[in-house]
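Worksheet for the structure shown next.
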Amino acid sequence: MIELFRNPSYNFIGNRRWAYVLSVVITLIGLTSLAVRGLHYDIDFTGGTLIQVQFERPPSVASIRAGLARVKLAESIIQQFGDPREFIIRSPLSGATSQELAKRVEGALAEETALGKFEIRRVEFVGPQVGRELQWQAVQAVLFGLIGILLYIAWRFDLKGGVAAIVAVFHDVIVCLGAISLTGREFSLPVLAALLTIIGYSVNDTIVAYDRLRENRAKFVPKGKTFADQMNEAVNQTLSRTILTAVTVFFSAAILLFFGGKTLEDFAFVLFIGVITGTYSTTYVAAALVVDWTQYVEGRVRRRKKAVAKA
Amino acid sequence: MPRRLWLRSSLVAVVVAASLWYLYPPARTINLGLDLQGGIHLVLGVEVDKYIATQTDRAAEDLKAGLERKGVGVKRVAREGLTAVAVELASTTNWNDALTVAAEFGAFDVGQRDDKAGRFTLTMRERHLAQLRDDAVRQGVETIRNRIDQFGVAEATITRQGDDRILIQLPGVQDPERAKALIGKTALLEFKLLDEQTPVEQALGGKVPETSEVLYQRRVDKETKAERKIPYVVQKRTLLTGGELTRAEVQADPNSPGNWQVAIEFTATGTRIFGEVTEQNVGRHLAIILDGTLYSAPRINERIPGGRAVITGQFTVNEARDLAIVLRAGALPAPVTILEERRVGPSLGADSIRQGMVAIVGSAAAVFVFMLLYYRLSGAIADVALVLNLLILLACMAAFGATLTLPGIAGIALTIGMAVDTNILIFERIREELRVGKTVRSAIEAGFARALRTVIDTHLTVMVTAAILYNFGTGPVKGFAVSLFVGLTASLFTAYFFTRLLFDVIYMGRRKVQTISI
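Those protein sequences? They're chains A and B, same order as listed. Under the numbering used here, residues 14 to 324 are what the first sequence spells out, in order. Under the numbering used here, residues -19 to 498 are what the second sequence spells out, in order.
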């Protein structure tokens, strides 16, 4: 039988201090990028019009822009989308309705003879009201998702575990958002969905470790084993499963990323990054925090006992 | 023999049979989202306030007429805000009569009153207001459904969304602009008299009598395509509306070759009013106005008794046909605006399906090979379970009439990864039990039992997020949440009923088992 690890006993938890440094650094990079570069919100959230055009032969961005300038839309964002013949034109909200705007763009491109024949493949218009609502819904979805998870873990395990798991999830979300910001990708509805999936995945992973710890503690615990040792044991016991699952999900995400087409690319990218950080954060954020928290509480109890004994 | 093997086998058999039954034939059972098959997704906002304002205006007019009939001198009756009507009497002598008339308006309450000045205000009752808001959207949905039915779009869905929105999904429409124009048109047809006392120049200069307004007729030059706007002074009072129509049909315009016109026919009431109006106004011009644009203003030569009229206006055959449709279907109670539009061409949808399939098949194949190599026979069992998982997932979506969208495909691809996790958890656990020296049977028993708790916990947390996604997400996110949720349920079922069953059949039979391929 093929085995990745046979009775592994790596000292994950013992090295947690270094991991804290790494987590903080990565989180800071993410936050800095979010603060400096910001997130590009898709029209789903800002409102606006998106038009996807496929040309018969690869056009130049300049001639597309020249065409759009005729209808005073030169400010639009023009992006190649996957195939070199395929482009996306994003225009901010204006007084014009989607109907007029799409027609105007079509007319303008048709007049620009250098562009040749083309087909309008997708038109999306999101009004300002809907954009604001979607923004609010996104915040709500993430918030309620986190609360739901916190409650579930607090109920199944304990509050410490719940809070640590949420911290780990925050870590993953910031890393993913930072990656989106650094690579200049759009924050769209599918990206939001991917982010929520990663929240689920990250918690899933954390729960497997917690579950194992709880099971071990319910059995006989040998004397002299600290809480840190027990946690380390649980992480090691679940290690092969963690790695195997991470690898399969990672492969699924990678295939989506490379073969799923342009529409799914950003979605898959977030999954891709998220699987890595979600697996990492289980051990080095969630489990590590539970260990330090428990040790802190135990230490305080011990000190209090000592103080009582002295008095 | 393990517990109730037959019962479990039949349960699995029933699930498989039901899945196949729901899925046959696949092309017709799975609803493809508009992003996959192409089509238009529209969210319309109904301007409910405008509807309420018109209703209040109408009440104000009725009230004025009622007061005048009772012989009460009226100085002013006008709408105030959206839902109030302010009344000012010429004198206070008929104060009580006025209140009696006002009391007949059941939908309104007499609010502020000033007996000495002869002023009072009627305010719409909350319940009536809520009713009107509801009516505006419900009638809007009905009218649009009616129009789309006549336009002929297969499998269109028109549903109400929230308080004042209408969601319209039109799969595979050839001419989206035309469909949108048809849906969005208020189609309020009005007949009014021209104000022939006020010269147009004077009206354009701003001197319009309070009872009149300037409306424009649009003329397009056939050769230069240039549009001209011709102003007319029209009396504000509406004599007759399109609400009294029974028929609207397309005809060739006899006076201008190549153009089309719409012939309309009134109801009995409409015919009577039309007869009276034409009789009383022989020699004057009757303006035919649609959504605030004047189409024509023919001279009334004599009383028209038959209740028939034509609307002309340089229509192409499609324009005339669409106009006939909206007139037959009736006017929207209130104007609508497009809040959100998503339109996908059929070629893009086909591309998305192809790429989605490549992604699913690709990730499934990678997982298949991996499981087979790593866990051998048990991996093969897990692979069969994976196929069953996909089968159940698709069957559930077919059974619930859920729609498969592009993010939904992504959700399925993800489910494949997650479903495998369950099997990995169980298999790793069985291996562990074997390592501590347990027999094959007790290792399987313990492996499944121990992993169960973890598996339930992991599934439930992700299902919690999927449920929240479904509740707070819209369109594409919802599709993702649906396939994720259903996929996880299927994964729980296959792991604990199907995988377990196969293990039991293979290893838990009467013969002694010494080795396990895992």
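From the three backbone atoms N, C-alpha and C, an ideal C-beta is built for every residue, glycine too. All values reported here derive from a predicted model rather than from experimental measurement.
- request: Check whether the Cβ atoms of Val216/A and Phe280/A lie closer than 8 Å to each other.
  value: no
- request: Within the same chain, show all residues whose beta-carbon is closer than 8 Å to that of Thr479/B, passing over the 5 residues directly before and after it, in chain order.
  value: Ile361, Ala362, Ala365, Asn403, Ile406
- prompt: Hey, is Gln65/A's beta-carbon within less than 8 Å of any beta-carbon in chain B?
  reply: yes
query: Anyone know if the C-beta pair for Val117/B and Val26/B falls short of 8 Å?
result: yes
- request: Look at the alpha carbon of Asn126/B and the alpha carbon of Ala48/A, and state the distance between them as a whole number of angstroms.
  value: 51 Å
- prompt: With distances taken from CA atoms, which of Gln250/A, Ile212/A, Thr276/A, Phe282/A is nearest Ser265/A?
  reply: Phe282/A
- prompt: Run through DSSP, which three-state label would Glu170/B get?
  reply: strand
- prompt: List, in order along the chain, the chain A residues whose C-beta lies closer than 8 Å to that of Arg158/B?
  reply: Correct list: empty, because the minimum Cβ distance to chain A is about 11 Å.
- prompt: Identify the residues that DSSP records as bridge partners of Thr101/B: which are they?
  reply: Ala66/B
Closest residue to Leu284/A among Val262/A, Lys323/A, Leu302/A (Cα-Cα distance): Val262/A
Residue range of the unbroken alpha helix (DSSP H) whose run includes Pro387/B: 386 to 415
message: With the cut-off set at 8 Å, would you say Ala390/B and Leu252/A are in Cβ contact?
response: no
- prompt: Are any of the Cβ atoms in chain A nearer than 8 Å to that of Ala346/B?
  reply: yes
query: In terms of residue numbering, what span does the beta strand (DSSP E) encompassing His21/B cover?
result: 19 to 26
Partners in chain B for Leu257/A, counting only beta-carbon separations shorter than 7 Å: Ile404
Lys44/B (DSSP reduced to helix, strand or coil): helix
field: Proximity winner among Gly427/B, Phe465/B, Ala300/B, relative to Leu374/B (alpha-carbon distances)
entry: Phe465/B
query: What residue range is occupied by the uninterrupted alpha helix (DSSP H) comprising Leu219/B?
result: Per DSSP, Leu219/B belongs to no alpha helix (DSSP H) and is neither H nor E.
message: Suppose contacts are defined by Cβ-Cβ distances below 8 Å. Is Thr62/A in contact with Glu146/A by that definition?
response: no
query: Who are the neighbours of Arg433/B on chain A, taking C-beta pairs under 7 Å?
result: Asp224
- request: Can you grab the Cα-Cα spacing for the pair Met(-19)/B / Ser(-11)/B, in whole Å?
  value: Here the model assigns Met(-19)/B a pLDDT of 45, short of 50, so the residue's position is not dependable, and the following value carries that caveat. One C-alpha to the other measures close to 13 Å.
message: So, under 8 Å CB-CB, Thr307/A and Phe200/A are touching, yes? Tell me the CB distance rounded to an integer number of Å.
response: Actually they are not in contact, since the Cβ atoms of Thr307/A and Phe200/A sit about 37 Å apart, beyond 8 Å.
query: Would DSSP call Ile32/B helix, strand or coil?
result: helix
message: Looking only at its chain, what residues have a beta carbon closer than 6 Å to the beta carbon of Thr34/B, apart from the 5 residues adjacent to it on each side?
response: none
- prompt: What residues in the region 379 to 396 of chain B have a beta carbon less than 7 Å from any beta carbon of chain A?
  reply: Leu386, Pro387, Ala390, Ala393, Leu394, Ile396
field: Spatial distance of Phe380/B from Ser463/B (CA atoms)
entry: 11 Å
task: Have a look at Asp500/B and Leu47/B and give me their C-alpha separation to the nearest angstrom.
output: Outside the shown range of chain B, which is -19 to 498, sits residue 500/B, and nothing can be said about it.
query: For the region 147 to 180 of chain A, which residues have a beta carbon sitting closer than 7 Å to at least one beta carbon of chain B?
result: Leu147, Gln150, Gln153, Ala154, Phe157, Gly158, Gly161, Ile162, Tyr165, Arg169
task: Tell me whether the beta-carbon of Leu220/B lies closer than 8 Å to the beta-carbon of Ile253/B.
output: yes
field: Rounded separation between Thr73/B and Gly98/B - CA only
entry: 9 Å
task: Mark Ile193/A as exposed unless 16 or more other C-beta atoms lie within 10 angstroms of its C-beta, in which case mark it buried.
output: buried
query: Are the region 302 to 311 of chain B and the region 5 to 14 of chain B touching by the rule of at least three beta carbon pairs closer than 8 Å?
result: no
Nearest-angstrom Cβ-Cβ length linking Leu12/B and His21/B, presumed shorter than 8 Å: With a Cβ gap of about 13 Å, Leu12/B and His21/B do not count as contacting.
Minimum Cβ-Cβ distance from Ser265/A to chain B less than 8 Å: yes
message: Assuming contact is defined by CB atoms lying nearer than 8 Å, are Thr226/B and Phe246/B in contact in what I supplied?
response: yes
Closest residue to Arg145/B among Trp240/B, Gly86/B, Pro315/B (Cα-Cα distance): Pro315/B
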